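Q: Pasting in a structure now, in structure tokens, and then I'll have a few things to ask.
Pasting the structure below:
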């Protein structure tokens with residue numbers, strides 16, 4: 150089976166599953182306790198989870214046979230996985246901050262954080278997820294992929310996913326350009342901005358869209374952001 154097909158499938162599955170995890174996490178453990186569409190993009194997928202699943206698949210083949218204890222082998226493997234995903238998270242966060250002046254997540258309140266982009270707590274979560282992947286998902290990947298390739302309808306679903314993702318990227322980068330233009334080189338906390346937009350529309354008794362969170366028929370995105378920034382600057 151082609152490694153490329155495996156990675157395409159894993160990115161697809163990881164992005165969707167990660168989105169579901171984040172939606173449930175924010176609903177039951179988040180500050181607002183609401184159903185929130187998480188992440189940078191508009192649709193129901195989080196590419197960072199898709200990339201993480203591809204990374205876990207690649208790292209699963211690391212040779213740790215030089216370690217005698219089976220438990221120690223798995224521990225070292227899961228630590229390597231967790232640290233690799235943490236490094237990817239850090240680099241990805243820096244790219245968005247430097248290139249778009251947008252901070253997609255913020256761990257500033259967490260102990261041991263580095264620039265609010267990574268912290269020990271979430272590295273531990275990645276460690277746990279790495280173990281779950283290794284024991285419950287990795288052994289089934291090829292079997293699932295053979296099933297997908299034998300069901301043309303599902304292959305079309307995956308193709309449709311990548312088509313929608315491409316359009317979503319274009320749409321969301323356009324939104325990001327508007328945010329950057331209004332923020333005047335100030336770094337905008339993306340999730341905080343979405344939260345304040347929700348609160349603003351609730352206070353104005355306007356309907357808020359779960360999917361298209363930056364759209365409003367009452368005012369442009371630039372007007373909304375300007376109002377929020379002006380309110381922040383008030384003493």
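In the numbering used here, the protein residues as written are 150 to 384.
Ideal placement from N, C-alpha and C gives every residue a C-beta, glycine not left out.
Just so we're clear, the structure is a prediction, and the values are computed from it rather than from any experiment.
#1: Could you tell me the distance, in whole angstroms, from the CA atom of residue 255 to the CA atom of residue 244?
#2: Within the same chain, show all residues whose beta-carbon is closer than 7 Å to that of residue 313, passing over the 5 residues directly before and after it, in chain order.
#3: Looking at the unbroken alpha helix (DSSP H) that takes in residue 317, where does it start and where does it end?
#4: Would a C-beta distance cut-off of 7 Å place residue 160 and residue 307 closer than the cut-off?
#5: Name the one or two DSSP bridge partners that residue 252 has.
#6: By Cβ distance, which residues of its chain are closer than 6 Å to residue 265, with the 5 residues on each side in sequence left out?
#7: Using a 10 Å radius around the Cβ and a threshold of 16 neighbouring Cβ atoms, would you call residue 202 buried or exposed?
#8: Could you check whether residue 273 and residue 324 sit closer than 7 Å to each other, using their CB atoms as the reference points?
#9: In three-state DSSP terms, what is residue 267?
#10: Determine the closest residue to residue 372 out of 327, 200, 277 and 233, with distance taken between C-alpha atoms.
#11: Do you know offhand how far residue 276's Cα is from residue 345's?
#12: So residue 218 packs on residue 195, CB below 8 Å; how close in whole Å?
#13: Quick check for students: name the residue ranges of the beta strand (DSSP E) that lie wholly in the region 178–253, counting only runs of 3 or more.
#14: In terms of alpha-carbon separation, which member of 190, 336, 166 and 181 lies closest to residue 348?
#15: Which residue marks the beginning of the alpha helix (DSSP H) containing residue 291, and which one marks its end?
#16: Compute the Euclidean distance between the alpha carbons of residue 250 and residue 333, then round it to the nearest angstrom.
A: This is what the structure holds:
#1: The residue given as residue 255 occupies position 106 in the chain shown. The residue given as residue 244 occupies position 95 in the chain shown. Their backbone Cα atoms lie some 14 Å apart in a straight line.
#2: Reading the chain shown from its first residue, position 164 is the one you call residue 313. Setting aside the 5 residues that flank it on each side, residue 313 is surrounded in the same chain by 192, each with a C-beta closer than 7 Å to its C-beta; the list follows chain order.
#3: Sequence index remark: in the chain shown, residue 317 carries index 168 (1-based). Residue 317 -> alpha helix (DSSP H) spans 301–332.
#4: Position 11 of the chain shown holds residue 160. Position 158 of the chain shown holds residue 307. Taking 7 Å as the cut-off, the beta carbon of residue 160 is found no closer than this to the beta carbon of residue 307.
#5: Taking the chain shown and counting its residues from 1, the one referred to as residue 252 is at position 103. DSSP lists 338 as partners of residue 252.
#6: Along the chain shown, read from residue 1 onward, the residue named residue 265 stands at position 116. Cβ neighbours of residue 265 beyond the five flanking positions: 255, 256 and 257.
#7: Within the chain shown, numbered from 1, the residue matching residue 202 stands at position 53. Counting Cβ neighbours within 10 Å, residue 202 comes out buried, since at least 16 surround it.
#8: In the chain shown, counting from the first residue as 1, residue 324 sits at position 175. In the chain shown, counting from the first residue as 1, residue 273 sits at position 124. In this structure, residue 273 does not lie closer than 7 Å to residue 324 by Cβ.
#9: For the purposes of this step, residue 267 is taken as residue 118 along the chain shown, with counting starting at 1. Here residue 267 sits in strand by DSSP.
#10: As a position in the chain shown, residue 372 is number 223, starting the count at 1. Residue 327 is the option with its Cα nearest to residue 372.
#11: To locate residue 276, count along the chain shown from 1; it is residue 127. To locate residue 345, count along the chain shown from 1; it is residue 196. The alpha-carbon atoms of residue 276 and residue 345 are separated by roughly 32 Å.
#12: Here residue 218 is taken as the residue at index 69 of the chain shown, counted from 1. Here residue 195 is taken as the residue at index 46 of the chain shown, counted from 1. Between residue 195 and residue 218 the Cβ distance is about 35 Å, and since that is not below 8 Å, they are no contact.
#13: Complete beta strand (DSSP E) runs here, min 3: none at all.
#14: Within the chain shown, the letter at position 199 stands for residue 348. Nearest Cα to residue 348 within the set 190, 336, 166 and 181: 181.
#15: Within the chain shown, residue 291 is the residue found at index 142, counting from 1. Taken as a continuous stretch (DSSP letters only), the alpha helix (DSSP H) holding residue 291 covers 290–298.
#16: Mapped onto the chain shown, residue 250 falls at position 101. Mapped onto the chain shown, residue 333 falls at position 184. So the two alpha carbons sit approximately 9 Å from each other.
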